[in-house]
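>
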């Protein structure tokens, strides 16, 4: 009997609604899988239309075009003699399902709808799809005529079933089903399914990859079996970066690992595995066998096809490997860089423009662009024709070959230092030196004339001239003057993005990059419609702490020595007048809290689901060595006041790379009001009562109000 099965999984850089491009990448993955001897090929979730179609799933066109692509796949000789498992939306009895369509030799074997839908965080699958709730139940699905003409089938099985080939049994999971407490692979494994497949649309979050790997390996550690995971990769049109990591596991150990970050649009993993290893592994687990004897069986779709060859005793099989995880600093260097490249090439722009202030945030953004240039040069060196073609189109030179990251950076990246009378020479020098080291085309300009013109208009109309607080003005005047500077920088950034290449005699325009980090966004420490307003922001989901560590990584790995002085300088907006030529304004003093505290607030607010009172209760224990309950109460109140006062800014936040689970992104991840009762009277009163109780227990004289 056949023992050695050869299976393939892949990570594809699909793009929402790019049916032509998606089809081409699917074909390429099938060709690679067949060339390596695979008899089964698994692709990512909803790969035909692209995962991120969002409300386009409501459109009948999306289903129609998906079936048209499916027809092309079915009729192609490329899909002969290999079981192909593809993802697409399917309308069954007027209900839309997220499905796997599994076919072989122009015949659809099974349409398997998703059972558990992802509906938390960035996911809204219940908005567009309905979960299949009929366990182990199969119905007839009437195929559209365009598919009937190819397959000769009128109906095919639709529902919760497994495939029984000549040599083994396969069962499908779809993304979220791996993450649920009662995953289908548990019951399927007890019912004799030996190969589990999972087609995913799983996005990158810092420090998340190990969780996915552990889930896959644990799926077969208790129950035995082969687990194959495919995933989307790249930016398919929004804030998420799908991070590949296609993998194959057997009996709790990884045997094949795909890349987490790369510029390859198509990546295929193939492994040959011995089914007898699964059977012998299961044979000695008596608890598993007792449970299996009582399991409710799955409907089996018989397939007259084998994943193995009759005479395969001498066929070499894959051995377990050790998974290599990236450090968070490597993830920041690679993930946003790949996301930027996808956005740049797919938007068909000529490069990026970044207002470079000489601070940590804008410098980190510049380093990510530089990392992108490194990845492009490396991909071209490794023979990636797609990247070479895109690079040539972007720089408008059909003979160009990107070999030096600094030289490529000069062509696609413009940095701009926008000085004012409140800017220090130190930040100007730091920005210039970093630009020289990464190779960007650097511009120095002064915004004072524009600021004075705008403020002058206000003076002409009102007869009043606002002053900074250091010159006797009120806080309102000072804040308004700071905001004018910040907003003029945004206007100039877009002007230079549109016309800089024109002025240099070059075609195209530039995408403006923002550089506000996740902590500043959470606190609202930014001017609405300032340089935080851009086309995209690669660091908007990354904390200040992680960005500092990333800067250190760049010093060591890219030899960017200019970053040393940037690291040691206190973060500052440089919007208030200098004192004796030196910066007097610092971010943390302005915010009334440290960046380290902001990260803690953010994680408690979003991940721990803590309101003001719950946050206070948690922090009096976390900070018991450094703060009294009264001090904790004051800090929590200040955070929630500032957060709620500034929440309206999140409604216009620049689309940012999603990297943290405490992101305040208002688009779909963190849905909150933007008009709050900022006194939080009831909540704060509960905190005050608890502080009084704690102080009374500790013998401290009670004060009426914490503030």
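In full-length UniProt numbering, the protein residues as written are 1 to 707. Cβ atoms here follow ideal geometry from the backbone N, Cα and C, with glycine treated the same way. What you are looking at is a predicted structure, and each value in this text was computed from that prediction instead of being measured.
Put residue 558 into one of helix, strand or coil per three-state DSSP.
DSSP places residue 558 in coil when its eight states are reduced to three.
> Between the region 358-377 and the region 240-253, can you find at least three pairs of beta-carbon atoms closer than 8 Å?
Counting Cβ pairs under 8 Å, fewer than three are found: no touch.
> Grab me the residues of residue 82's own chain with a C-beta within less than 8 Å of its C-beta, minus the 5 sequence neighbours each way, in chain order.
30, 33, 34, 38, 39, 40, 41, 104, listed in sequence order.
> Are three or more beta carbon pairs between the region 403-418 and the region 428-448 nearer than 8 Å?
Contact holds: three or more Cβ-Cβ distances are below 8 Å.
> Starting from residue 27 and walking both ways along the alpha helix (DSSP H), at which residues does that stretch end?
Its alpha helix (DSSP H) spans residues 19-35.
> Measuring CB to CB, does residue 231 end up less than 8 Å from residue 209?
No, the pair does not count as a contact, with Cβ atoms beyond the cut-off.
> For residue 374, I'd like the list of residues in its chain whose CB is within less than 7 Å of its CB, leaving aside the five on either flank, ordered along the chain.
Contacts found: 405.
> Run through DSSP, which three-state label would residue 627 get?
Residue state, collapsed to three classes: coil.
> If you follow the alpha helix (DSSP H) that residue 489 is in, where does it begin and where does it stop?
Residue 489 -> alpha helix (DSSP H) spans 475-503.
> On the three-pair Cβ rule with 8 Å, is the region 327-334 touching the region 544-562?
Yes, since at least three Cβ pairs between the region 327-334 and the region 544-562 fall closer than 8 Å, the two stretches touch.
> Which residue or residues does DSSP assign as beta-bridge partners of residue 257?
247, per the DSSP bridge assignment.
> Could you please give the first and the last residue of the uninterrupted alpha helix (DSSP H) stretch that includes residue 151?
Counting along the chain, the alpha helix (DSSP H) containing residue 151 begins and ends at 145-151.
> Please classify residue 681 as buried or exposed, where buried requires at least 16 other C-beta atoms within 10 Å of its C-beta.
With fewer than 16 Cβ atoms within 10 Å of its Cβ, residue 681 is classed as exposed.
> Which of the three DSSP states is assigned to residue 92 in this structure?
Here residue 92 sits in strand by DSSP.
> Can you confirm whether the region 86-101 touches the region 280-287 when touching is taken to mean that 3 or more C-beta pairs between the two stretches lie within less than 8 Å?
Touching, no, given that fewer than three Cβ pairs across the two stretches are closer than 8 Å.
> Suppose you measure from the CA of residue 45 to the CA of residue 618; what does that come to, to the nearest Å?
Answer to the nearest angstrom: the Cα atoms are 39 Å apart.
> Considering only DSSP beta bridges, list what residue 133 is partnered with.
Residue 133 pairs with nothing; no bridge assigned.
> As a quick exercise: from 55, 410, 140, pick the residue whose alpha carbon is nearest that of residue 123.
Residue 55 is the option with its Cα nearest to residue 123.
> Measure the C-alpha to C-alpha separation of residue 351 and residue 372 and round it to an integer number of angstroms.
Near 12 Å, if we compare the C-alpha coordinates of residue 372 and residue 351.
> In whole angstroms, give me the CA-to-CA distance for residue 513 and residue 532.
Looking at the two C-alpha atoms, the distance is approximately 8 Å.
> Measuring straight from C-alpha to C-alpha, what distance separates residue 672 and residue 547?
Distance between the alpha carbons of residue 672 and residue 547: 26 Å.
> Just tell me which of 663, 322, 342 has its CA closest to the CA of residue 265.
Minimum Cα distance to residue 265 is reached at 342.
> What residues match up with residue 298 in a beta bridge as DSSP calls it?
Its beta-bridge partners do not exist; DSSP assigns none.
> Would you give the residue range spanned by the beta strand (DSSP E) that residue 443 belongs to?
Run containing residue 443: 441-446, per the beta strand (DSSP E) assignment.
> Ignoring anything shorter than 4 residues, give me the alpha helix (DSSP H) runs that lie fully in the region 528-579, in order along the chain.
Entirely contained in the region 528-579, the alpha helix (DSSP H) runs reaching 4 residues are, in chain order, 544-557, 563-568.
> Looking only at C-alpha atoms, which of 662, 658, 633, 641 sits nearest to residue 695?
Ranking 662, 658, 633, 641 by Cα distance to residue 695 puts 633 first.
> Using the C-alpha atoms, what's the distance from residue 254 back to residue 107?
Distance between the alpha carbons of residue 107 and residue 254 is about 32 Å.
> Beta strand (DSSP E) containing residue 234: first to last residue?
Counting along the chain, the beta strand (DSSP E) containing residue 234 begins and ends at 226-234.
> Contact defined as beta carbons within less than 8 Å: I believe residue 273 pairs with residue 309. What is the distance between those atoms, to the nearest angstrom?
That belief does not hold up - the Cβ atoms of residue 273 and residue 309 are roughly 14 Å apart, past 8 Å.
> Could you check how far apart the C-beta atoms of residue 415 and residue 334 are, in whole angstroms? I think they sit under 8 Å.
At roughly 21 Å, the Cβ-Cβ gap does not stay under 8 Å, so residue 415 and residue 334 are not in contact.
> Is the beta carbon of residue 197 closer than 8 Å to that of residue 170?
In contact: residue 170 and residue 197 (Cβ atoms closer than 8 Å).
> For residue 721, count neighbouring Cβ atoms within 10 angstroms of its own Cβ and tell me buried if that reaches 16, exposed if not.
Outside the displayed range of the chain (1 to 707) lies residue 721, so it cannot be described from this structure.
> Label residue 132 either buried or exposed according to how many other C-beta atoms from any shown protein chain fall within 10 Å of its C-beta, with 16 as the threshold for buried.
Its Cβ being crowded by 16 or more others within 10 Å, residue 132 is buried.
> Inspect the beta-carbon positions of residue 656 and residue 524 and report whether they are closer than 8 Å.
In this structure, residue 524 does not lie closer than 8 Å to residue 656 by Cβ.
> When the distance is taken between beta carbons, is residue 441 closer than 8 Å to residue 410?
Result yes, Cβ atoms of residue 410 and residue 441 sit closer than 8 Å.
> Can you tell me which of the three DSSP states residue 185 falls into?
Note: residue 185 maps to helix in three-state DSSP.
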